[in-house]
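Note sheet for the following structure.
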Amino acid sequence: MNVSALGWLITCLVIAGLFIFDFVTHARVPHAPTFRESAIWSAVYIGLAIIFGFVVMWIWGGTNGGEYFAGYVTEKALSVDNLFVFVIIMATFSVPRENQQKVLLIGIVMALVMRGAFIAVGAAAINAYSWVFYLFGFFLIYTAVKLIREHGHEEEIEEERESKIIRLAKRFLPTTDEYHDGKLTTKIDGKRVVTPMLLALVAIGFTDILFALDSIPAIYGLTEEAYIVFTANAFALMGLRQLFFLIGGLLDRLIYLAYGLSIILAFIGVKLVLHALHENTLGFVNGGEMVSVPEISTGLSLAVILGVLIVTAVASLLRTRHTDAKTASETSQSETN
């Protein structure tokens, strides 16, 4: 896949333009978006991502197009899981609903910038050292196990992390516990102080780094093309703000999402290890020669990712519906008695 410097420049300008448009038209004026507004713009950004995928397929072929779609779906799924953490951060810092759009959008831009840096480092490492695939693969398998172990305790873990960030920030910065019209800093008695809005952004920025550590190795397990890695991440993050308001209540119902994501991460981790064995240059593994192992195709990867997400979503909704029905029945019986 050959993308010229001009192609990179145009892509970055278009993506930056979409984020600026989003900020100017929606997040600049504080307001709580309606369900209809969130649904429409979520559909618009998902539609743009799909159109771009077909453009990739048209210009660079079906293989690259398939890698883009596999990467986009994976990053979108991981982003939905990240929304749960954003919900906790918003609650921890008591961010007013009308200001949440601004915090989310700035946080998403920060995430894209950080992921861009990770993508560049990852691409350079892969080009220089093929053994990096081993590192990425085992890290994803470790992350998958960690997701399972932490499932059900996400809120306590995140709240503990945020409290550490708050304590650290307050040691070095003068702060106030009150919001001031969405400002990041304000003056109180002639002294410049930091508002909870900025502390929330600091927390989201730190969390973005942790998210990037998971997501970038995951997508490099599906493609080695830095352009696809970057654009799949950009389009996955785009519209995340609207998705936050659209499925905020649904997040509590996706009770098996962590299991689904752990399966996907473990699957991609195994795929990376198999690829590393196939490209092996480590002297202590098969004498530095390639190992004849099967490699997992992009088509199979996309099928597994979509299949796991569909099963996870359906199972979660069926389980929560059964639980809700049982709770309603018990409540009705108690009221009758």
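Here the numbering used here is used: the first residue of the sequence shown is 15, the next is one more, and so on. The beta-carbon is built from N, C-alpha and C at its ideal position, and this holds for glycine as well. Note that the structure is predicted; figures quoted are calculated from it, not measured.
C-alpha distance - residue i paired with residue j, whole-angstrom precision
i: P47; j: A138; result: 41 Å
i: V28; j: R129; result: 17 Å
i: N294; j: I319; result: 26 Å
i: E81; j: A248; result: 15 Å
i: I230; j: F68; result: 22 Å
i: V207; j: T199; result: 6 Å
i: L97; j: P188; result: 29 Å
i: A125; j: F100; result: 12 Å
i: G235; j: E309; result: 11 Å
i: L332; j: V117; result: 33 Å
i: L20; j: V305; result: 39 Å
i: W74; j: A317; result: 21 Å
i: Y148; j: E303; result: 15 Å
i: A327; j: R185; result: 43 Å
i: V109; j: V146; result: 40 Å
i: L296; j: N141; result: 15 Å
i: T190; j: I223; result: 26 Å
i: G283; j: K205; result: 51 Å
i: F225; j: S93; result: 9 Å
i: R335; j: L260; result: 19 Å
i: F107; j: G274; result: 29 Å
i: I324; j: V38; result: 35 Å
i: I162; j: Y270; result: 10 Å
i: L32; j: M71; result: 22 Å
i: D228; j: Y143; result: 20 Å
Exposure label - residue i; buried when at least 16 CB within 10 Å
i: A217; result: buried
i: A232; result: buried
i: K178; result: exposed
i: K201; result: exposed
i: T337; result: exposed
i: I133; result: buried
i: K197; result: exposed
i: I242; result: buried
i: I120; result: buried
i: E192; result: exposed
i: D203; result: exposed
i: E170; result: exposed
i: N300; result: exposed
i: V287; result: buried
i: L314; result: exposed
i: Y59; result: buried
i: W55; result: buried
i: I34; result: exposed
i: D195; result: exposed
i: S311; result: exposed
i: G321; result: exposed
i: S52; result: buried
i: A214; result: buried
i: Y86; result: buried
i: I24; result: exposed
i: F258; result: buried
i: E239; result: buried
i: G352; result: With the chain running from 15 to 351 in the structure shown, residue 352 is simply not present.
In DSSP terms, what residue i is bridged to
i: V207; result: T200
i: T77; result: Beta-bridge pairing links T77 to no other residue.
i: T189; result: V208
Residue interval of the alpha helix (DSSP H) (run including residue i)
i: Y143; result: No alpha helix (DSSP H) contains Y143, which DSSP labels as neither H nor E.
i: H292; result: L271 to H292
i: V69; result: F49 to W74
i: D36; result: A19 to D36
i: V243; result: A240 to L251
i: F298; result: Looking at the DSSP string, F298 is not in any alpha helix (DSSP H), and its letter there is neither H nor E.
i: F258; result: L254 to L260
Short CB-CB distance (under 8 Å) between residue i and chain B
i: F244; result: The structure shown contains no chain B; it is built from a single protein chain.
- Task: May I ask you to verify whether the stretch 53-69 touches the stretch 244-262, counting CB pairs closer than 8 Å and requiring at least 3?
- Result: They touch, by the three-pair rule.
- Item | Validate contact between the stretch 273-289 and the stretch 149-160 using beta carbons, cut 8 Å, 3 pairs | Yes, the stretch 273-289 is in contact with the stretch 149-160.
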